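Student: The structure is given below, and queries will be raised subsequently.
Residue numbers (the working numbering), protein chains in the order written: chain A, 1 to 92; chain B, 93 to 704.
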């Protein structure tokens with residue numbers, strides 16, 4: 001099934017795209033998606049997803065929003081979902 | 093004496109033109125560490141409650157801590173403590189660049205400025221050689237130009253200069269201190285306090301090596317941290333500065349928009365945030381000394397055909413001068429930022445004042461005639477620039493803001509008073525408590541007024557930083573006040589600790605744990621403290637600062653939030669959300685702190701912490 005992923009900075013500058021359509025299997029969770037994206041886009045992407053770039057961490061330093069609500073790692077994605085990935089860090 | 097501090101302060105009396113070197117009792121470092129902690133103790137002991145910030149009796153205390161003067165990630169910070177002309181009570185601010193490192197290497201932990209000079213002076217410190225010099229030729233010069241002029245006079249490009257601009261000279265309440273052209277001790281108006289004392293600048297050259305207890309262990313851990321923090325930062329803060337978070341902040345309704353009346357501005361946020369910010373302004377990292385993060389920007393752009401270069405806007409500035417005023421033109425915001433830098437003026441409050449007048453104008457509370465012919469419509473960049481000049485110059489309508497937004501609104505009228513967004517006359521920074529509920533309690537109780545740095549619980553609430561050493565080991569639920577009093581107190585304590593060491597907030601945020609901070613501290617000083625013991629020092633400092641607030645008459649009546657914070661967003665992430673129950677959570681926070689129902693630290697609490 002297809003979902004749309006939107007990327008806010010710095011992800012859009014790391015992978016050089018603002019959004020993309022991704023094909024995923026059924027019963028695919030956010031946790032699995034983030035692992036998949038980290039593998040696909042490499043170290044720089046990974047370093048901005050997991051604390052200290054550790055892909056085994058159970059925690060993320062990103063928010064994933066669907067319909068203006070933060071969804072957690074166990075959320076099972078549905079066909080046609082549009083999610084946005086961005087930093088948790090707020091301001092400066 | 094423990095290692096990594098000198099145990100020395102410089103006392104500079106401007107009235108008597110007297111410079112004295114004094115010892116700092118060692119026990120004070122144990123109790124308050126350094127930086128803003130130890131400076132708070134000196135302010136409490138030496139400046140009576142109720143002292144007018146502009147009087148001869150007020151003092152301005154510059155302080156470093158055990159983390160300054162040698163290679164340590166984020167160790168270029170320094171603190172300033174004084175009484176604020178905005179809040180009329182305790183105030184504190186920090187900055188970076190190189191100045192704090194030079195001060196420490198000159199051989200001093202603190203510089204206490206007291207008295208008043210009849211004529212403009214600047215202080216020149218070259219290790220043991222300390223002198224007051226005439227600043228007659230620099231009075232009236234902007235802050236950026238002054239740095240270069242003083243370096244030229246001394247004949248040493250490598251000295252570090254902290255100076256005020258003309259806003260501080262004019263006694264404008266948001267006058268700030270500008271260090272080395274790109275770092276700003278921005279809030280609380282200490283530029284104005286220095287202006288009242290006729291002290292234009294402090295220039296420093298320092299070459300003394302700081303003694304360390306376990307230099308090899310310190311070096312080894314520092315090296316490991318530098319590597320990690322560089323990797324964690326290179327594609328976000330190093331690449332784009334804090335502008336990288338602008339779109340994210342908009343997404344969660346954290347960004348101030350149209351003077352806190354809107355919750356969405358997606359297109360505008362994209363226009364003024366990174367990567368547009370980086371590309372359009374040729375923005376590059378301008379790091380503070382010893383910083384692996386490098387969030388400060390050097391920008392180069394043209395405004396109306398004229399080339400401008402210098403320190404670029406940070407997230408706070410983009411929020412307050414940009415989205416808050418519905419200005420989406422990066423060149424205009426950057427020109428306004430440059431103007432504030434040169435005037436030596438806090439961009440957070442400056443942006444707040446401009447947006448406030450725009451809302452008054454929209455509502456018919458102010459008209460073109462009131463504003464000397466200016467049109468204060470939303471998004472009007474020309475108005476922004478002109479009004480900033482007026483505020484900094486204390487002239488025209490802008491002069492109304494010399495004492496801050498609260499007295500300005502009072503002069504305009506009751507309808508205007510209902511619109512202000514501040515606590516204790518310090519304007520909100522660019523983070524919305526309707527997005528991060530912890531900020532509601534933090535802004536209400538912060539010891540310097542509404543502040544996102546003397547306590548940064550939103551960083552914990554959002555899941556960026558956990559403190560497992562203190563039991564805070566998972567990201568809390570949003571949009572509930574449950575547990576938010578505890579998180580607020582925890583992050584206020586750790587902020588006080590960081591400001592006393594002194595270390596930049598971005599270092600823990602980007603991946604240095606409290607345990608590692610503690611190890612650095614122990615390797616530097618030779619002490620053997622635990623993370624929990626260090627946090628206790630943070631708690632002591634917060635309580636002492638609160639005690640100063642209380643002795644100035646502050647209590648629960650002053651710990652409120654502006655009415656707008658109880659008006660929910662109409663769209664987006666924080667739609668229908670307000671930080672309630674606020675008062676119940678505030679009382680819970682007091683209880684947790686060991687304060688009474690009026691928000692006053694109890695005698696038992698003060699005694700337990702060794703304050704009284």
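Just so it is clear, CB atoms sit at the ideal spot from N, CA and C, and this is done for glycine as well. A quick note: this is a predicted structure, and the numbers were derived from the prediction, not measured.
#1: Would you mind telling me which residues of chain A sit closer than 8 Å to residue 407 of chain B, beta carbon to beta carbon, in chain order?
#2: For residue 97 of chain B, would you say it is in contact with chain A, using Cβ-to-Cβ distances shorter than 7 Å as the test?
#3: Counting only C-beta atoms, is residue 417 of chain B closer than 7 Å to chain A at any point?
#4: Three or more C-beta pairs closer than 8 Å, one from the region 19-37 of chain A and one from the region 380-400 of chain B: is that the case here?
#5: Is residue 52 of chain A close to chain B? Criterion is C-beta to C-beta, closer than 7 Å.
#6: Which chain B residues are close to residue 8 of chain A, counting only those with a beta carbon under 8 Å from its beta carbon?
#7: Is the beta carbon of residue 202 of chain B sitting closer than 7 Å to the one on residue 291 of chain B?
#8: By the 10 Å Cβ neighbour count, where 16 or more other Cβ atoms means buried, how is residue 21 of chain A classified, buried or exposed?
#9: Going residue by residue through the region 353-423 of chain B, where are the continuous beta strand (DSSP E) segments of at least 3 residues, counting only ones entirely within it?
#10: Check the Cβ-Cβ distances between residue 665 of chain B and every residue of chain A, and say whether any is below 7 Å.
#11: Report yes or no: do three or more beta-carbon pairs, one from the region 330-348 of chain B and one from the region 660-670 of chain B, lie closer than 8 Å?
#12: In chain order, what residues of the same chain have a beta carbon less than 7 Å from the beta carbon of residue 519 of chain B, not counting five sequence neighbours either side?
#13: On a Cα-Cα basis, can you pick out the residue from B:176, B:528, B:583 and B:516 that is closest to residue 282 of chain B?
#14: Three-state secondary structure (DSSP) at residue 604 of chain B?
#15: Would residue 617 of chain B and residue 158 of chain B qualify as a contact pair, given that the criterion is a beta-carbon distance under 7 Å?
#16: Applying a beta-carbon distance threshold of less than 9 Å, which residues of chain D neighbour residue 367 of chain B?
#17: Do residue 173 of chain B and residue 205 of chain B have their C-beta atoms closer together than 7 Å?
#18: Taking the straight line between their C-alpha atoms, what separation do you get for residue 555 of chain B and residue 567 of chain B?
#19: I want to know whether the region 405-414 of chain B touches the region 249-260 of chain B - three or more CB-CB distances under 8 Å.
#20: Rounding to the nearest angstrom, what Cα-Cα distance links residue 483 of chain B and residue 208 of chain B in this structure?
#21: Rounded to whole angstroms, how far is the Cβ of residue 6 of chain A from the Cβ of residue 82 of chain A, which I believe are closer than 8 Å?
#22: Would residue 535 of chain B and residue 451 of chain B qualify as a contact pair, given that the criterion is a beta-carbon distance under 7 Å?
#23: Since I believe residue 673 of chain B is in contact with residue 562 of chain B (beta carbons under 8 Å), could you give me their beta-carbon distance rounded to a whole number of angstroms?
#24: Per DSSP, what are the beta-bridge partners of residue 270 of chain B in this structure?
#25: What does DSSP give as the partner residues of residue 556 of chain B in its beta bridges?
#26: Counting only C-beta atoms, is residue 186 of chain B closer than 7 Å to chain A at any point?
#27: Relative to the C-alpha of residue 643 of chain B, which candidate in B:113, B:481 and B:142 has its C-alpha closest?
#28: Count the other CB atoms, across all protein chains shown, that sit within 10 Å of the CB of residue 330 of chain B; report buried if there are 16 or more and exposed otherwise.
#29: For the region 64-80 of chain A, which residues have a beta carbon sitting closer than 8 Å to at least one beta carbon of chain B?
#30: Rounded to whole angstroms, what's the CA-CA distance from residue 327 of chain B to residue 374 of chain B? Just pull it up for me.
#31: Should residue 460 of chain B go down as buried or exposed, given a rule of 16 or more other Cβ atoms within 10 Å for buried?
#32: Let's test the definition: count the other Cβ atoms within 10 Å of the Cβ of residue 215 of chain B and tell me whether it reaches 16, buried, or not, exposed.
#33: Give a yes or no on whether 7 Å exceeds the smallest Cβ distance from residue 47 of chain A to chain B.
#34: Taking only the alpha-carbon atoms, compute the straight-line gap between residue 677 of chain B and residue 620 of chain B and give it to the nearest angstrom.
#35: Is the CB of residue 61 of chain A under 7 Å away from at least one CB in chain B?
#36: For residue 72 of chain B, count neighbouring Cβ atoms within 10 angstroms of its own Cβ and tell me buried if that reaches 16, exposed if not.
Tutor: Based on what the coordinates show:
#1: 91 and 92
#2: Not one chain A Cβ lies under 7 Å of residue 97 of chain B.
#3: Not one beta carbon of chain A lies nearer than 7 Å to the beta carbon of residue 417 of chain B.
#4: no
#5: True, the Cβ-Cβ gap to chain B drops below 7 Å.
#6: 339, 340 and 343
#7: No.
#8: exposed
#9: Scanning the region 353-423 of chain B from its first residue to its last, the whole beta strand (DSSP E) runs of 3-plus residues come out as 389-395 and 398-403.
#10: yes
#11: The answer is yes - the region 660-670 of chain B touches the region 330-348 of chain B, with three or more Cβ pairs under 8 Å.
#12: 440, 441, 444, 497, 513 and 542
#13: B:176
#14: coil
#15: Going by beta carbons, residue 617 of chain B and residue 158 of chain B fall inside the 7 Å limit.
#16: No chain D is present in this structure, whose protein chains are A and B.
#17: In terms of Cβ geometry, residue 173 of chain B and residue 205 of chain B do not form a close pair [threshold 7 Å].
#18: Straight-line Cα distance between these residues: approximately 5 Å.
#19: no
#20: 24 Å
#21: 7 Å
#22: no
#23: That belief does not hold up - the Cβ atoms of residue 562 of chain B and residue 673 of chain B are roughly 25 Å apart, past 8 Å.
#24: B:255 and B:276
#25: BP columns for residue 556 of chain B are empty, so no partner.
#26: When Cβ-Cβ separations below 7 Å define contact, residue 186 of chain B makes no contact with chain A.
#27: B:142
#28: buried
#29: For the region 64-80 of chain A, which is checked against every Cβ of chain B, the residues closer than 8 Å are 65, 68, 69 and 70.
#30: CA-CA distance, residue 327 of chain B to residue 374 of chain B, rounds to 16 Å.
#31: exposed
#32: buried
#33: For residue 47 of chain A, the answer is yes, since a Cβ of chain B falls inside 7 Å of its Cβ.
#34: 36 Å
#35: yes
#36: Nothing about residue 72 of chain B can be reported from this structure: the residues present for chain B run from 93 to 704 only.
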